[in-house]
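**Student:**
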Amino acid sequence: MGLRAYIEKPIAFSDANYAEGYNVPISPVHASSPSSRYIQLLLTANESYSCLLSPKAGTILHRLPERYKQQAQHQAGPVNDQSKDKHRGSSPIQNDNNIVYMTPVKVGGQSLQLVIDTGSSDTWLVSDPFQCKNDAQMPVEEDHCKFGNRYERTATFEQDKQYTFSIAYADGERLKGIIGRETVAIGGITNKNTTIALAHEANWHGDGVSSGLFGLAFPTITHAMKGDRPTRYDPVFFSMYKKSLIAPVFSVALNRKNEGPGVLSLGGLPYKRAAALRYEDDFAVVPMEKIGMADKATGQMQYTLYVADADGFVVGDGVYNFPAKMLVDTGTTMSSVPPTIMRAIEAAWSPPIWPPCTAKDICRIPCDSVPPKFAIVLGGKQVEIDAKDMVLTHDKDQGGGRICALGVAPDESLASGGNGLSMIGGSFMKSILVVFDVGAAELRFAKRVRNTRRNKKERSKKRAGECV
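For the sequence shown, the UniProt record's numbering gives the first residue as 1, with consecutive numbering after it.
1. Between which two residues does the alpha helix (DSSP H) containing residue 340 stretch?
2. With burial defined as no fewer than 16 other Cβ atoms inside 10 Å of the residue's Cβ, what is the status of residue 476: buried or exposed?
3. Residue 421 and residue 327 look like a contact to me (Cβ under 8 Å); what is the Cβ gap, rounded to whole Å?
4. Whole-angstrom Cβ separation of residue 213 and residue 122, contact assumed at under 8 Å?
5. For residue 142, which of 199, 407 and 329 has the nearest alpha-carbon?
6. According to DSSP, what are the bridge partners of residue 215?
7. Going by Cα to Cα distance, which pick from 126, 249 and 341 is closest to residue 208?
8. Where does residue 426 fall in DSSP's three states?
9. Name, in chain order, the residues that DSSP records as bridge partners for residue 96.
10. Can you check whether the CB of residue 119 is closer than 9 Å to the CB of residue 305?
11. Identify, in the order they occur along the chain, each residue of the same chain with its Cβ nearer than 6 Å to the Cβ of residue 430, setting aside the five sequence neighbours on each side.
12. Classify residue 366: buried if its beta carbon has 16 or more other beta carbons within 10 angstroms, exposed otherwise.
13. Roughly how many whole angstroms lie between the Cα atoms of residue 203 and residue 451?
14. Name the residue from 449, 184, 130 and 216 whose alpha carbon lies nearest to the alpha carbon of residue 154.
15. In its own chain, which residues sit with a C-beta less than 7 Å from the C-beta of residue 100, not counting the 5 before and 5 after it?
16. Am I right that residue 325 and residue 311 are in contact with their C-beta atoms under 8 Å? What's the rounded C-beta distance?
17. Are the Cβ atoms of residue 164 and residue 176 separated by less than 9 Å?
18. Identify which residue in 218, 245 and 242 has its Cα closest to the Cα of residue 232.
19. List the endpoints of the continuous alpha helix (DSSP H) containing residue 476.
20. Among 228, 222 and 97, which has the Cα closest to the Cα of residue 237?
21. Quick one: measure Cβ to Cβ for residue 249 and residue 436, integer angstroms, because I've assumed they're closer than 8 Å.
22. Measure how close the beta-carbons of residue 157 and residue 182 come, nearest whole angstrom, since I'm counting them as under 8 Å.
23. Helix, strand or coil for residue 142, going by three-state DSSP, please let me know.
24. Just verifying my parser: in three-state terms, what is the DSSP assignment at residue 390?
25. Does DSSP put residue 277 in a helix, in a strand, or in coil?
26. Going by the C-beta, is residue 373 closer than 8 Å to any heavy atom of the ligand GDP?
27. Which same chain residues end up closer than 8 Å to residue 261 when comparing Cβ atoms and leaving out the 5 residues on each side of it in sequence?
28. Where do the ends of the beta strand (DSSP E) carrying residue 236 lie?
29. Suppose contacts are defined by Cβ-Cβ distances below 9 Å. Is residue 286 in contact with residue 378 by that definition?
30. How many angstroms separate the CA atom of residue 167 from the CA atom of residue 225?
31. Considering only residues of the same chain and omitting the five flanking positions on each side of residue 108, which have a CB-CB separation below 7 Å?
32. Does the Cβ of residue 191 have 16 or more other Cβ atoms within 10 Å, making it buried, or fewer, making it exposed?
33. Would you check if the distance between the CB atom of residue 428 and the CB atom of residue 362 is smaller than 9 Å?
34. Between the C-alpha atoms of residue 234 and residue 404, what's the straight-line distance to the nearest angstrom?
35. Pick from 369, 281 and 300: whose alpha carbon is nearest that of residue 290?
36. For residue 323 and residue 279, I'd like the C-alpha separation in whole angstroms.
What follows is the structure, encoded as structure tokens:
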């Protein structure tokens, strides 16, 4: 029997033109685009550590909210291939050096690698004719944008000439192109006549492999433009569940770069067949938060991104009653926390980190330094982040050595006029399975289980009546 998604309160999206009902910002909610958020760790060997030494902090306790006391129990699925379940698809997620996470997507029969981005909505691909531009929006060589293979139009692609594709980011990156419909297949699920965008002009800082983005966020922040007005449409995932191809839920398990592929599971949870894809059955459950956009007619906030309210944080021996809104974003390499929590992490590190890290710079650390225990309190439960995932590593610098940097930074956006969202990015997501249950308007988090030899030994001891 397969794993079930618990669908309780389906969200009804209007099929009408969204442009009349929403006050839509011109630029995305992200402060910067996914490509510019790729962390470049190719630093010189003789570069000094930007962080070295620091103090400690106090603690406060949490109670488990009543509504989360009874959690749904999830069971492992059958041994047979998940792709045989027509209402659930499974697509591998490739970890590109702990920086970019991408998955193969067939578009019109052509297989392309697309970055998985739960922090944006549009699925877009680079396509000819193409013009790369620099930060000053001047034409440059195409290699400057560092895209992978380009999508080549097929007979199944149909352009919608009423609309154009245009997206601008706060850091200066831009994409322009067209909107159309095409057959998109991912994880064994084929979605015919679904809306995508083709980028014909871009200022982009890519990874050299991916051909675009696979957006999984809500229809309210899509970027089909009619003149200078955005018009909402159903992105690929939302189109799939409205056509009853899948249930309105997906889950993401990002693996470390030496573990093989992770998984994007459409319509449910991943099976626990592979050792590197196992997770605990005890889920932290939190409602999705509405942020960033109000309905003009009702004044009510709308679902845009996947945001959870954290009750607080655990750092070392301290439990901090410090609520924060956390954006869950696979398209961001690093994670971020409120500055107060960041200072506590730096102080609890061994040796303590000094001077304090900033959001603008990569905080390079000694590779033999030791992270403290760290957890995010979600739904009254401590969701622990593994020490390995608190650090970003690069195999070698110019001198042939290993480079280590913090995988977490302070969220300084509120001080600079931003939205004040902290981030569960790729670094933290390697420690957890995240279930995006759109149908129930809930996010679920479960700790990943990796040390299978130890787990088997502990189960054997329990059967024998021994203490573990």
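Even glycine gets a Cβ: it sits at the ideal position worked out from N, Cα and C. Computed from a predicted structure; not experimentally measured.
**Tutor:** Let's see:
1. Note, residue 340: alpha helix (DSSP H), 339-348.
2. Residue numbering for the chain in the displayed model covers 1 to 468; residue 476 lies beyond these limits and cannot be assessed.
3. Indeed they touch by this definition, with Cβ atoms about 5 Å apart.
4. Taking the Cβ atoms as the reference, residue 213 lies roughly 7 Å from residue 122, within the contact range of under 8 Å.
5. Minimum Cα distance to residue 142 is reached at 199.
6. Residue 215 pairs with 117.
7. Comparing Cα positions, the closest option is 126.
8. Residue state, collapsed to three classes: helix.
9. Among the bridge pairs identified by DSSP, residue 96 is matched with 100.
10. Residue 119 is positioned such that its CB atom lies closer than 9 Å to that of residue 305.
11. These residues qualify, in order along the chain: 254, 256 and 389.
12. Burial call: exposed.
13. When only Cα atoms are considered, residue 203 and residue 451 end up about 43 Å apart.
14. Ranking 449, 184, 130 and 216 by Cα distance to residue 154 puts 184 first.
15. Scanning its chain for C-beta atoms nearer than 7 Å, with the 5 sequence neighbours on each side dropped, one finds around residue 100 the residues 38, 115, 207 and 210, in chain order.
16. The C-beta distance from residue 325 to residue 311 rounds to 12 Å, too long to meet the 8 Å contact threshold.
17. Against a cut-off of 9 Å, the Cβ pair of residue 176 and residue 164 comes out as a contact.
18. Considering only alpha carbons, the answer is 218.
19. There is simply no residue 476 to check, as the chain begins at 1 and stops at 468 in what is shown.
20. Of 228, 222 and 97, the residue nearest in Cα terms is 222.
21. In this structure, residue 249 and residue 436 form a Cβ contact; the two beta carbons are roughly 7 Å apart against a cut-off of 8 Å.
22. Sure, about 5 Å apart at Cβ, within 8 Å.
23. Residue 142: helix per DSSP, three-state reduction.
24. Residue 390: helix per DSSP, three-state reduction.
25. When secondary structure is reduced to three states using DSSP, residue 277 falls in the helix class.
26. Absent from the structure shown: the ligand GDP. Ligands present: none.
27. Sequence-distant Cβ neighbours of residue 261 in its own chain, meaning closer than 8 Å and more than five residues away, are 92, 93, 94, 95 and 255.
28. For residue 236, no beta strand (DSSP E) encloses it; the enclosing alpha helix (DSSP H) starts and ends at 236-242.
29. The answer is yes: Cβ separation under 9 Å.
30. Rounded to whole angstroms, residue 167 to residue 225 spans 9 Å at the Cα level.
31. Residues 154, 156, 157, 182 and 183 of the same chain have their beta carbon placed closer than 7 Å to that of residue 108, with the five preceding and five following residues left out of the count.
32. Note on residue 191: 16 or more other CB atoms within 10 angstroms of its CB, so buried under the neighbour-count rule.
33. One thing to note: residue 428 has its Cβ no nearer than 9 Å to the Cβ of residue 362.
34. Going by C-alpha positions, residue 234 is about 40 Å away from residue 404.
35. Just measuring C-alpha positions, the residue of 369, 281 and 300 sitting nearest residue 290 is 300.
36. Take the alpha-carbon of residue 323 and the one of residue 279: they are about 26 Å apart.
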